[in-house]
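Asks: Using the working numbering, read the sequence shown as starting at 8 and increasing by one per residue. Even glycine gets a Cβ: it sits at the ideal position worked out from N, Cα and C.
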Amino acid sequence: MNRSNRLFEIIQILRARDHPITADGLAAMMEVSTRTIYRDIAALQAMRTPIEGESGIGYVMRKGYDLPPLNFDLEEVEALRVGLALLNRTGDTALLRAADSIRQKIDALHGPADWLQVSPWGAPVDDPDLGCVSVSMLRDAIRSETKLQITYRDGSGQDTERVVRPIALVYHLECVMLAAWCELRGSLRHFRTDRIYACDRLDVRFPGQSATLRDLWLDQNRWDERTSP
Numbered sequence: 008m009n010r011s012n013r014l015f016e017i018i019q020i021l022r023a024r025d026h027p028i029t030a031d032g033l034a035a036m037m038e039v040s041t042r043t044i045y046r047d048i049a050a051l052q053a054m055r056t057p058i059e060g061e062s063g064i065g066y067v068m069r070k071g072y073d074l075p076p077l078n079f080d081l082e083e084v085e086a087l088r089v090g091l092a093l094l095n096r097t098g099d100t101a102l103l104r105a106a107d108s109i110r111q112k113i114d115a116l117h118g119p120a121d122w123l124q125v126s127p128w129g130a131p132v133d134d135p136d137l138g139c140v141s142v143s144m145l146r147d148a149i150r151s152e153t154k155l156q157i158t159y160r161d162g163s164g165q166d167t168e169r170v171v172r173p174i175a176l177v178y179h180l181e182c183v184m185l186a187a188w189c190e191l192r193g194s195l196r197h198f199r200t201d202r203i204y205a206c207d208r209l210d211v212r213f214p215g216q217s218a219t220l221r222d223l224w225l226d227q228n229r230w231d232e233r234t235s236p
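1) Starting from the C-beta of GLN142, find all residues in its chain whose C-beta is less than 8 Å away, skip the five residues before and the five after it, and write them out in chain order.
2) List in chain order: all unbroken beta strand (DSSP E) runs of 3+ residues lying wholly within the region 33 to 103.
3) Could you tell me the alpha carbon to alpha carbon distance between ASP136 and ASP166, rounded to whole angstroms?
4) Tell me, please, whether the region 145 to 159 touches the region 208 to 219 by the rule of three or more beta-carbon pairs shorter than 8 Å.
5) Considering only the alpha carbon of each residue, which of ALA50, ALA49, GLN19, GLN52 lies closest to MET37?
6) Assign ALA86 to one of two classes, buried (16 or more other C-beta atoms within 10 Å of its C-beta) or exposed (fewer than that).
7) Please go through the same chain and pick out, in chain order, the residues whose beta-carbon is closer than 8 Å to the beta-carbon of GLN111, but skip the five residues on each side of it.
8) Between the Cα of PRO119 and those of ALA130, THR43, ILE109, spot the shortest distance and give me the residue it belongs to.
9) Could you give the distance in angstroms between the alpha-carbon of PRO123 and the alpha-carbon of PRO27?
10) For ALA187, which three-state DSSP category applies?
11) Report the rounded CA-to-CA distance for THR43 versus ASN12, giving the unit in angstroms.
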């Protein structure tokens with residue numbers, strides 16, 4: 008997270024709380040050092056953000072401080088609410104945390120909308136305690152064009168060890184699919200993330216190949232085309 012985003016998040020956290028939070032607590036939430044939080048708070052106070060703090064007690068935001076409203080109309084806000092709620096179906100815990108953070112920001116500006124409900128049932132949650140591979144790690148490997156070594160169990164229960172070049176994720180209603188070039192098969196393959204039972208990032212990248220492989224994959228699958236009923 009870059010510094011400007013982190014400063015915005017600190018403001019949002021303090022605005023949402025009705026009691027002080029310590030620098031250590033903020034550091035844990037932001038996944039940075041306590042010293043970084045001290046610097047960020049000092050920077051915000053230098054910009055006249057009304058943050059007050061006391062040693063041993065923590066930081067609070069003075070009441071009445073607000074941010075400029077989001078430039079969305081009513082339909083756009085409700086589209087965001089539904090889209091964020093639909094992320095519950097992906098099973099991607101990192102996206103769920105991000106969605107909850109965005110939802111809190113929308114609620115802070117527009118108030119809650121409990122009448123707008125979306126069913127949460129969908130893909131299983133990628134809980135490492137249950138042996139599931141983090142979908143966030145797969146997304147990061149796609150962005151960085153890094154090869155993965157996976158243990159994959161197919162529908163018949165057979166395990167195979169593969170080295171893959173991840174290029175895309177497809178969020179279906181009941182599962183998440185990783186699209187990748189499989190070096191074992193020498194072709195593009197799809198892997199259900201809930202059947203990847205081990206996954207290690209290799210110290211091998213494939214820079215510049217993703218776009219070509221993704222174009223080939225899109226040409227083969229035509230995800231963006233709708234067939235007539």
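Replies: Considering the structure as presented:
1) Reading off the sequence, residue 142 comes out as Val, not Gln. If we look at VAL142 and ignore the five residues flanking it on each side, its Cβ neighbours are THR97, GLY98, ASP99, THR100, ALA101, LEU102, ASP133, LEU176, VAL183, THR200.
2) 58 to 61, 65 to 68
3) 20 Å
4) yes
5) GLN19
6) exposed
7) GLN19, ALA23
8) ILE109
9) According to the sequence provided, residue 123 is Leu. The question's Pro does not apply to it. Distance between the alpha carbons of LEU123 and PRO27: 32 Å.
10) strand
11) 14 Å
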